[in-house]
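For reference, the structure is listed below as structure tokens.
Protein chains: 2
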Amino acid sequence: MAPLVQCSKDQLLQRQKELQALYNSYKSRELRLDMSRGKPGADQLDISTDLLNAVNEATGFVTEDGVDTRNYGGLDGITEARRLFGEIMGMPAELVIVGGNSSLNMMFDYICTACVKGICGNAPWLTQGAVKFLCPAPGYDRHFAITQYFGIEMITVPMTENGPDMDRVEALVQDPAVKGMWCVPMYSNPQGVTYSDDTVRRLAALNPAAPDFRIMWDNAYCVHHLYEQEDVLLNLYREAAKLGHEDMVIQFASTSKISFPGAGVAALAASAHNLTDIRSRMTVQTIGFDKINMLRHTRIFPDMAAVKEQMKKHAAVMRPKFDIVLNTLNTELAGKGIARWHNPRGGYFVSVDLMPGTAKETIRLLKEAGVTMTPAGATYPYGVDPEDSNLRIAPSYPPLNELQVAIDLFCICAELAAVEKLLAQ
Amino acid sequence: MAPLVQCSKDQLLQRQKELQALYNSYKSRELRLDMSRGKPGADQLDISTDLLNAVNEATGFVTEDGVDTRNYGGLDGITEARRLFGEIMGMPAELVIVGGNSSLNMMFDYICTACVKGICGNAPWLTQGAVKFLCPAPGYDRHFAITQYFGIEMITVPMTENGPDMDRVEALVQDPAVKGMWCVPMYSNPQGVTYSDDTVRRLAALNPAAPDFRIMWDNAYCVHHLYEQEDVLLNLYREAAKLGHEDMVIQFASTSKISFPGAGVAALAASAHNLTDIRSRMTVQTIGFDKINMLRHTRIFPDMAAVKEQMKKHAAVMRPKFDIVLNTLNTELAGKGIARWHNPRGGYFVSVDLMPGTAKETIRLLKEAGVTMTPAGATYPYGVDPEDSNLRIAPSYPPLNELQVAIDLFCICAELAAVEKLLAQ
């Protein structure tokens, strides 16, 4: 297939006619498909059913060190859950705090506390004048929403195949107003990129001007491999600690996409210094999080081997969905010069860069035909993609047959938008 | 028994000798007893065991309106949980948001948001200069800790048998810097007082100078009756709504002491205007709370009748504990003029006002003999009881035999401290 930009006007008009006819035929089917969020499908939820029988009268309520999980107490979480998340995040258990059901909530609380109370004795961000945050983009819209909510200025850093553009990052952290950075370092949301060893080492070696600069290391997909050949992520905390930079790193993870998104367990890990700081808020905020749910999880996932087994089951469901998306993109869009994408080996998303100026139109066409996707721009700070190019595909929720229809239509809409754009030039 | 202040010095010296001997005999037993927190005992935790089998493959995961509780979504909580908490709090279900396992965390988040973002379009409290909060005292130490954490000046309002001193409250809210008030209106922590109808009506009728004044109505013990003759609390929201003051009220409740303190469900209820305001933060903070745990609770407690049945079981365990405390106080301290207390008909605490200047010494003596209690002063803002008089007894956690020992020793220590105080004068 020749790149569209090399087509004559007549060829484009002909192609437009074909695509429009195809589009109309889909539209007449009155589809109602949702590819908008990284929500597991029903078959994935069934994988974790055993969890719900893991704690009851027969199995007992008590942790390995004798804590009755039904009662109050235990701000750091139960011992076995701290150890499990330590394994998941590559951290010693004593540097882990296990929370409620949402790592996003833990991130929100961290940023909120930084704004109101300051980090480790530094002045509250709200009193420091303009404060900025580095946002590798495309990235996770809910990260950007947190920084925007607190009035923190977001600076877009381009993502590459190896992670954020580190030349830019190293330059930007010389500004003392730059207080931190969002990272989804493994199977990134949305591109599925895993940061290279070099990127991780350069992050660890950062010497930011701000003493309260923090890397928000959202390792949401750290065990979410889809294929046998797994990506490998260097341990940022360990690299940073080698240089005495361990206070710069706050790690987050959760079981949301290991067990149940609605009822999983989240955790953070950080240096002892940071944890003391974090606990000074937590001790006022709550008496403790849901320890029974922690115990449910550690009974089903006593160690990393159990987590890996579980993730293989998820991968068996997810892989065919990724295959459909990637194969269809390859068949329908490759060579046309109107779309680029990374072939992720894990995570929850496929991110596509369309011909600049066609992302919104593609979404509009899809929506008109009954397919909901993450809005164009959502993967950029302030919801504005300066190129109007990036779209996030979330293949997990629809069943295979619906997904095939949706992605077929996606390719038609993307090409139709590109043809119309070229014709209008 | 004659009041101690009427005793001669010789009589006091004699009594001191007796008490000291008694105290020494307890001390030699090397006790390790904890009456410090309002933690249910193990027998109470067993009451809710069925909850843990309420949601599984056999019973299903889906709410009455078809939501799969295992997956993401549903910021307000599931329909049946909103309805249940509506019944508990006397509010329509649509004015309820069901959260995680901690109502304290919801209160913290509310105050935090008021500080950072402001309430319903008003300026953030952090930008309004000195901000004050009314703290009926004795009160709940964790409430005071939240306001202190955010640098909000706490103004003590004396508690009476009918609730806070409303003359003081009405005068204080004329100050626009006064932004709110903590209330535990039913079986109050620590006194077990229920606000009178007149108190509730005067609260509803408040015309605070601050448009962003909020009553934090922590109805933690609203179904926690111990005796057949139940206290009755007027519905503040309804009274306030009659006067167009409904935005002034934010209600909180939880199942922490209905099911499991470590793994219950919490909720808030407020006017539609306030809820819109609250959701504008929540939608950034989380994707949603643990819906499976909500469903567990509504399956075991489908309605208020089921809650009432459950609370009767708790009362059957708690009542003998309260009886021990109240009977022993009556036998050992009544008539000596060194202690006053309310006889609560519900809740979790008994609060004792000792002879001024003896609360700390009583706690010290108890601690030295191996009995831990809530620290003296904890029931007052900043942990400072100006009279050094109030102590909170939490009878729920120890078994009956241990409780009897602890409260016997409490009476000995309280009287010993009073005798020593009188002798030193």
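Residue numbers (the numbering used here), protein chains in the order written: chain A, 1 to 425; chain B, 1001 to 1425.
Every residue gets a Cβ at the ideal spot worked out from N, C-alpha and C, and that includes glycine.
Predicted, not measured: the structure shown is a model, and the values here were computed from it.
Residue-level contact to chain A via CB, residue i, 7 Å cutoff
i                      : result
residue 1079 (chain B) : no
residue 1055 (chain B) : yes
residue 1285 (chain B) : yes
residue 1110 (chain B) : no
residue 1257 (chain B) : no
residue 1343 (chain B) : no
residue 1260 (chain B) : yes
residue 1380 (chain B) : no
residue 1145 (chain B) : yes
residue 1071 (chain B) : yes
residue 1339 (chain B) : no
residue 1149 (chain B) : yes
residue 1062 (chain B) : no
Distance, residue j Cα to residue i Cα
i                      : j                      : result
residue 1212 (chain B) : residue 1249 (chain B) : 11 Å
residue 1121 (chain B) : residue 1141 (chain B) : 30 Å
residue 154 (chain A)  : residue 84 (chain A)   : 34 Å
residue 337 (chain A)  : residue 1294 (chain B) : 50 Å
residue 88 (chain A)   : residue 304 (chain A)  : 7 Å
residue 1219 (chain B) : residue 74 (chain A)   : 24 Å
residue 364 (chain A)  : residue 418 (chain A)  : 13 Å
residue 169 (chain A)  : residue 1107 (chain B) : 38 Å
residue 56 (chain A)   : residue 1049 (chain B) : 7 Å
residue 324 (chain A)  : residue 164 (chain A)  : 28 Å
residue 281 (chain A)  : residue 1175 (chain B) : 29 Å
residue 23 (chain A)   : residue 53 (chain A)   : 48 Å
residue 1139 (chain B) : residue 159 (chain A)  : 53 Å
residue 216 (chain A)  : residue 185 (chain A)  : 10 Å
residue 319 (chain A)  : residue 190 (chain A)  : 16 Å
residue 1223 (chain B) : residue 1193 (chain B) : 14 Å
residue 1374 (chain B) : residue 1352 (chain B) : 12 Å
Close-in-space but distant-in-sequence residues of the same chain around residue i (CB under 6 Å, 5 per side omitted)
i                      : result
residue 27 (chain A)   : 369
residue 103 (chain A)  : 252, 254 and 266
residue 1214 (chain B) : 1180 and 1250
residue 65 (chain A)   : 79
residue 1062 (chain B) : 1068
residue 1264 (chain B) : 1101, 1254, 1255 and 1256
Residue closest to residue i, alpha-carbon to alpha-carbon, out of the options
i                      : options                           : result
residue 25 (chain A)   : A:412, A:425 and A:383            : A:412
residue 1340 (chain B) : B:1347, B:1167, B:1326 and B:1348 : B:1326
residue 1051 (chain B) : B:1296, B:1012 and B:1318         : B:1296
residue 1256 (chain B) : B:1314, B:1058, B:1299 and B:1230 : B:1314
residue 1099 (chain B) : B:1147, B:1171, B:1109 and B:1230 : B:1109
residue 182 (chain A)  : A:209, A:161, A:198 and A:148     : A:148
residue 1240 (chain B) : B:1205, B:1217 and B:1221         : B:1205
residue 489 (chain A)  : A:290, A:129 and A:355            : Missing from the structure shown is residue 489 (chain A); chain A here goes from 1 to 425 and no further.
Chain B within 7 Å of residue i, Cβ atoms only
i                     : result
residue 398 (chain A) : no
residue 123 (chain A) : no
residue 301 (chain A) : no
residue 100 (chain A) : yes
residue 237 (chain A) : no
residue 291 (chain A) : yes
residue 263 (chain A) : yes
residue 219 (chain A) : no
residue 104 (chain A) : yes
residue 405 (chain A) : no
Buried versus exposed call for residue i [16 or more other C-beta atoms within 10 Å across all chains shown]
i                      : result
residue 310 (chain A)  : buried
residue 1271 (chain B) : buried
residue 273 (chain A)  : exposed
residue 21 (chain A)   : exposed
residue 156 (chain A)  : buried
residue 3 (chain A)    : exposed
residue 8 (chain A)    : exposed
Same chain, Cβ closer than 8 Å to residue i, neighbours up to 5 away in sequence not counted
i                      : result
residue 357 (chain A)  : 387, 388, 389 and 421
residue 1039 (chain B) : 1261, 1394, 1396 and 1397
Other residues of its chain near residue i: CB distance less than 7 Å, five sequence neighbours each side excluded
i                      : result
residue 1277 (chain B) : 1119 and 1120
residue 1332 (chain B) : 1411
residue 116 (chain A)  : 124 and 126
residue 506 (chain A)  : The displayed coordinates of chain A run from 1 to 425. Any statement about residue 506 (chain A) would go beyond what the structure contains.
Between the segment 1039-1055 of chain B and chain C, which residues of the former have CB atoms less than 8 Å from a CB of the latter, in chain order?
-> Chain labels in this structure do not include chain C; the protein chains are A and B.
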